[in-house]
Amino acid sequence: MGKRANSFRRAAKRYETWLSGYCELDRKALARKEEKMGRSAFAFLRATFFRWPHYLGAVEPRLLKVPTILCVGDIHLENYGTWRDAEGRLVWGINDFDEAAKLPFTSDLVRLAASALLAGSNRAAVAAIESGYRRGLSGPPRPFVLEDLHPELRDLAIVNGAAAKDEWDKIRADGEVTARKLGAPLRDLLLTCLPPGTTNLRLYRRLAGLGSLGRPRYVAVGIWYGGLVAREAKAAAPSAVRMPKTGIANPLADYRRIEALGFRARDPHLHLADRWIVRRLSPEARKIEIDKIEDVTNRQVLLEAMGEELANMHRGTAGSAAPLRKALARLPNNWLQRAAAAAAERVSEDYAAFGGS
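Quick note: to get the numbering used here, add 128 to the position in the sequence shown (first position is 1).
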């Protein structure tokens with residue numbers, strides 16, 4: 129094993145040891161995570177946010193001398209999805225804030241753009257992300273409610289009957305578990321988050337995602353008025369940016385804050401308990417996977433929307449778009465292209481040392 133591979137393995141071990149101070153790690157899920165992160169450099173990036181400070185270190189320091197705000201942290205092409213708001217409207221936006229932390233705001237832009245490069249996109253994708261971000265800082269905030277506006281995104285988000293059935297099968301794919309496995313407090317939490325009157329309750333283990341794969345994750349599925357309903361509980365932890373600090377009493381403080389401050393139509397079924405993140409699962413709570421979009425125009429629309437949605441969050445946590453616009457104006461031309469390429473190259477070096485295919 130080479131020097132770089134040893135460095136990565138040591139960092140991964142430190143992270144797992146630190147994370148185990150907040151939840152009991154799921155060893156089966158960690159084994160699946162290691163297998164999945166070896167499939168591509170993009171998957172590797174998603175799985176290794178604990179390593180992001182090292183990758184960000186490849187970026188010119190002056191590009192990080194910008195306002196520090198509460199950022200998404202683990203932003204990438206697949207951390208976007210849909211949900212239904214309190215009015216029943218279909219909404220699209222950033223999917224979770226597990227790694228929300230205070231960082232230079234350019235960190236989020238670099239990570240999102242680097243993820244596009246690692247997923248096989250080109251310089252045009254980075255330009256689209258930056259264009260959308262700048263648009264999101266101009267004028268009033270524009271959350272992505274997919275009703276009369278954003279018809280292209282709505283068309284991409286709609287799920288047909290066969291796909292909906294497949295999604296329910298995926299939700300229940302990782303094996304049923306007993307209530308005893310969860311323990312009474314977690315089972316009761318899931319029950320209180322389901323609609324009153326839910327019957328035929330079944331509990332399942334869930335091995336989903338990549339960045340949080342390894343944390344305990346369970347789903348309660350039942351029947352409510354003739355159809356399936358589900359709630360997922362995922363163990364909470366602070367952002368890996370907080371390492372090596374231990375004993376953080378409120379691991380979801382930054383999650384709560386960014387969710388409250390960002391400009392978006394919120395998911396009324398998201399529940400942040402002391403140690404668990406509970407959300408509604410359904411075929412309509414899903415990602416729009418860019419690698420499955422063949423139309424170039426639709427890909428461009430989605431990438432620009434990703435940048436604009438990121439701006440919706442940043443201008444909320446920064447308190448105003450003005451300091452972000454001012455900082456961007458001081459950055460050199462093509463700064464994001466250079467920074468994303470540098471970070472992506474460092475990720476690729478770790479990935480190669482890891483033994484990725």
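Beta carbons: idealized from backbone N, C-alpha and C, even for Gly.
Secondary structure of residue i, DSSP reduced to three states
i    : result
C321 : helix
K230 : strand
R212 : strand
R343 : strand
G248 : coil
V273 : strand
V305 : strand
L237 : helix
F225 : coil
Y150 : coil
G264 : helix
A104 : Because the chain here runs from 129 to 485, residue 104 falls outside it and cannot be looked at.
S168 : coil
I418 : helix
Y353 : coil
K193 : coil
E144 : helix
L205 : coil
A336 : coil
Limits of the beta strand (DSSP E) - the one that residue i falls within
i    : result
P181 : No beta strand (DSSP E) contains P181, which is instead part of the alpha helix (DSSP H) from W180 to L184.
L198 : T196 to C199
Beta-bridge pairing of residue i - partner residues as DSSP gives them
i    : result
A348 : L331 and R359
W220 : T210
Pairwise C-alpha distance: residue j and residue i
i    : j    : result
A175 : K161 : 7 Å
D226 : P344 : 14 Å
L341 : R212 : 25 Å
L192 : G185 : 10 Å
V349 : W296 : 10 Å
P411 : V287 : 7 Å
L246 : K415 : 18 Å
Q465 : R190 : 15 Å
P396 : A470 : 39 Å
E280 : E360 : 29 Å
G260 : Y383 : 24 Å
Y150 : K362 : 12 Å
L452 : A446 : 8 Å
N378 : R315 : 21 Å
L274 : L317 : 31 Å
G221 : F272 : 7 Å
D478 : F136 : 7 Å
R155 : L240 : 29 Å
L265 : I421 : 27 Å
E436 : P269 : 9 Å
E206 : E417 : 7 Å
L277 : T374 : 45 Å
R427 : F170 : 17 Å
L356 : L329 : 10 Å
D302 : D402 : 25 Å
I299 : G325 : 21 Å
A307 : L158 : 23 Å
W404 : R262 : 34 Å
V194 : G166 : 34 Å
beta-carbon residue i near the ligand FAD non-hydrogen atom, thresh 7 Å
i    : result
G350 : The ligand FAD is not part of this structure, which contains no ligands at all.
Residue span of the alpha helix (DSSP H) that contains residue i, given as start and end
i    : result
L281 : P279 to A285
G444 : V424 to A446
E473 : W463 to F482
I299 : G289 to I299
F162 : What sits at residue 162 in the sequence shown is Glu, not Phe. Segment R155 to M165, the alpha helix (DSSP H) holding E162.
K454 : A450 to R458
Along the chain, which unbroken stretches of the alpha helix (DSSP H) at least 4 residues long are found entirely within the region 356-415? Fully enclosed alpha helix (DSSP H) runs of 4 or longer: 381-389.
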